[in-house]
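*Asks:*
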Ligand SMILES: [Ca+2]
Ligand SMILES: [Ca+2]
Ligand SMILES: [Ca+2]
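In the working numbering, the protein residues as written are 24 to 365.
So, in structure tokens, the structure goes:
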């Protein structure tokens, strides 16, 4: 008996190592020709999570890795297989999604590439739709309709809970609060690196500007808008959250930049996210940042020159010019038409 066991172990190892098929009739080898989907969680709870900062397809989303570690998948799986997600099953807020390979995933270039990868035996990433906040239960299953006969049918699902909380925080990399530092943090292609650099405040042309990725009316967690408080030299100021300058951006009667808060010589500016603490976060102790912003007149002149060189002024003037020409042209054309009608 021990000899037979040893032979079986060696044979199994050989099958695993060579990934080749044995003669028919051998139970192990028959199984090894069958495909075997595996599904594993693919998020990292150590990465600060945000719905609004960083790339949407980053590591900080609820997603699963799906791989076929067995033999070739049958052709019809490309049409018939599916992946399913159940979130908060049995509760009022439950969600259930089913993605059919043929009718859902195979319809876009991205989906086709993903399926091609899966069929070639590569690990593929599958995201649960929606942006999540807080505690949820989730079940995810590959080949939920059991269209593929696999060597192991017990490793196709994942079931568990996750608790995704954001960490509202300000960029620490611009302690002087200069416009130039903010531009540097944006990088050459305008994408902010690190992602927190999207949340920064600084002095530009002698005025306080607050940039944050949380500025639209949809930026909320658990139904609570991401708010922030602003104080200048200890005095709380009103801040219109839709504008980087703190002034109503839809008010056409005023120039928002000329109405922005002017820093005369130097001021201590303190900005806090979620001042009423309505949003649960992984870290509640890093929501405020204080900087002494200095209005260096000479520098600010130089800065405004640099800034104006960055603004698309010439192209704007050109656009206006082109538009004006187009208007004149269309008017004269209109006239010509009218004339010809007569
Ligand atoms: Ca399986
Ligand atoms: Ca925080
Ligand atoms: Ca909070």
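Cβ atoms here follow ideal geometry from the backbone N, Cα and C, with glycine treated the same way. Computed from a predicted structure; not experimentally measured.
By the three-class DSSP mapping on this structure, what secondary structure does residue 128 have?
*Replies:* Locating residue 128 in the chain shown gives position 105, counting from the first residue. It is helical.
*Asks:* Of all the options 302, 62, 56 and 317, which has the alpha carbon lying nearest to the alpha carbon of residue 177?
*Replies:* The residue labelled residue 177 in the question sits at position 154 within the chain shown. The residue with the shortest Cα to Cα distance from residue 177 is 62.
*Asks:* If I'm right that residue 64 touches residue 149 with Cβ under 8 Å, what's the distance once you round it to whole angstroms?
*Replies:* Taking the first residue of the chain shown as 1, we reach residue 64 at position 41. Taking the first residue of the chain shown as 1, we reach residue 149 at position 126. Incorrect: roughly 11 Å between the Cβ atoms, too far for contact.
*Asks:* Less than 9 Å between the C-beta atoms of residue 292 and residue 196, yes or no?
*Replies:* By 1-based counting over the chain shown, the position of residue 292 is 269. By 1-based counting over the chain shown, the position of residue 196 is 173. Contact: no.
*Asks:* In angstroms, rounded to a whole number, what distance separates the CA positions of residue 214 and residue 162?
*Replies:* Here residue 214 refers to the residue found at position 191 when the chain shown is read from its first residue. Here residue 162 refers to the residue found at position 139 when the chain shown is read from its first residue. Using only the alpha carbons, I get a separation of about 34 Å.
*Asks:* Between the alpha carbons of residue 91 and residue 313, how many angstroms are there, rounded?
*Replies:* By 1-based counting over the chain shown, the position of residue 91 is 68. By 1-based counting over the chain shown, the position of residue 313 is 290. If I take the Cα positions, the gap works out to 52 Å.
*Asks:* May I ask whether a heavy atom of ligand 3 can be found less than 8 Å away from the beta carbon of residue 304?
*Replies:* Walking along the chain shown from the start, residue 304 turns up at place 281. Yes, since a heavy atom of ligand 3 falls inside the 8 Å radius drawn around the Cβ of residue 304.
*Asks:* Looking at C-beta atoms only, is the number of pairs between the stretch 102-109 and the stretch 153-172 that lie closer than 8 Å three or more?
*Replies:* As far as the Cβ criterion goes, the stretch 102-109 touches the stretch 153-172, which means the pair count is three or higher.
*Asks:* Note the first and the last residue of the continuous alpha helix (DSSP H) segment covering residue 155.
*Replies:* One-based indexing of the chain shown puts residue 155 at position 132. From DSSP, residue 155 is part of no alpha helix (DSSP H); its letter is neither H nor E.
*Asks:* May I have the straight-line CA-CA distance separating residue 173 from residue 67, to the nearest angstrom?
*Replies:* Reading the chain shown from its first residue, position 150 is the one you call residue 173. Reading the chain shown from its first residue, position 44 is the one you call residue 67. Residue 173 and residue 67: Cα-Cα distance of roughly 29 Å.
*Asks:* Where residue 125 and residue 101 are concerned, what is the direct C-alpha to C-alpha distance, given to the nearest angstrom?
*Replies:* Against the chain shown, residue 125 aligns to sequence position 102. Against the chain shown, residue 101 aligns to sequence position 78. When rounded, the distance between both Cα atoms is 6 Å.
*Asks:* Kindly examine ligand 5 and report whether one of its heavy atoms sits closer than 8 Å to the Cβ of residue 203.
*Replies:* Among the ligands modelled here, namely ligand 1, ligand 2 and ligand 3, ligand 5 does not occur.
*Asks:* Just to confirm the assignment, what range does the alpha helix (DSSP H) spanning residue 103 have?
*Replies:* As a first step, residue 103 must be located in the chain shown, where it is residue number 80. First-last of the alpha helix (DSSP H) with residue 103: 100-103.
*Asks:* Where does residue 8 fall in DSSP's three states?
*Replies:* Nothing can be reported for residue 8, as the shown portion of the chain is limited to 24 through 365.
*Asks:* Under 8 Å: does the beta carbon of residue 174 sit that close to some heavy atom of ligand 1?
*Replies:* Residue 174 sits at position 151 when you count from the first residue of the chain shown. Answer for residue 174: yes, Cβ within range of ligand 1.
*Asks:* Can you tell which of 270, 194 and 245 has its C-alpha closest to the C-alpha of residue 301?
*Replies:* Mapped onto the chain shown, residue 301 falls at position 278. If we check each option's Cα against that of residue 301, 245 comes out closest.
*Asks:* For the beta strand (DSSP E) that residue 293 lies in, which residues bound it at each end?
*Replies:* Residue numbering aside, residue 293 sits at position 270 when the chain shown is read from its first letter. Its beta strand (DSSP E) spans residues 289-296.
*Asks:* Taking one C-beta from the stretch 256-270 and one from the stretch 223-239 each time, how about it: are there three or more such pairs within less than 8 Å?
*Replies:* These segments touch.
*Asks:* In three-state terms, what does DSSP make of residue 147?
*Replies:* As a first step, residue 147 must be located in the chain shown, where it is residue number 124. Three-state result, residue 147: strand.
*Asks:* Would you call the CB atoms of residue 99 and residue 58 closer than 9 Å?
*Replies:* Within the chain shown, numbered from 1, the residue matching residue 99 stands at position 76. Within the chain shown, numbered from 1, the residue matching residue 58 stands at position 35. Against a cut-off of 9 Å, the Cβ pair of residue 58 and residue 99 comes out as no contact.
*Asks:* Give the DSSP bridge partners of residue 64, in chain order.
*Replies:* Looking up residue 64 in the chain shown gives position 41. 87, per the DSSP bridge assignment.
*Asks:* For residue 89, which residues in the same chain have their Cβ closer than 6 Å to its Cβ, ignoring the five residues on either side in sequence?
*Replies:* Here residue 89 refers to the residue found at position 66 when the chain shown is read from its first residue. Cβ within range, chain order: 62, 147, 149 and 165.
*Asks:* Cβ-heavy atom distance between residue 215 and ligand 3 below 8 Å?
*Replies:* Counting from one through the chain shown, the residue named residue 215 turns up at place 192. Checking every heavy atom of ligand 3 against the Cβ of residue 215, none is found closer than 8 Å.
*Asks:* Comparing alpha-carbon positions, which option in 133, 318, 139 and 295 lies nearest residue 308?
*Replies:* Walking along the chain shown from the start, residue 308 turns up at place 285. Of 133, 318, 139 and 295, the residue nearest in Cα terms is 295.
*Asks:* Where residue 258 and residue 311 are concerned, what is the direct C-alpha to C-alpha distance, given to the nearest angstrom?
*Replies:* Translated into positions along the chain shown, residue 258 becomes position 235. Translated into positions along the chain shown, residue 311 becomes position 288. Computed Cα separation, rounded: 15 Å.
*Asks:* Looking at the unbroken alpha helix (DSSP H) that takes in residue 379, where does it start and where does it end?
*Replies:* Only positions 24 to 365 of the chain appear in the structure, and residue 379 is not among them; the question remains open.
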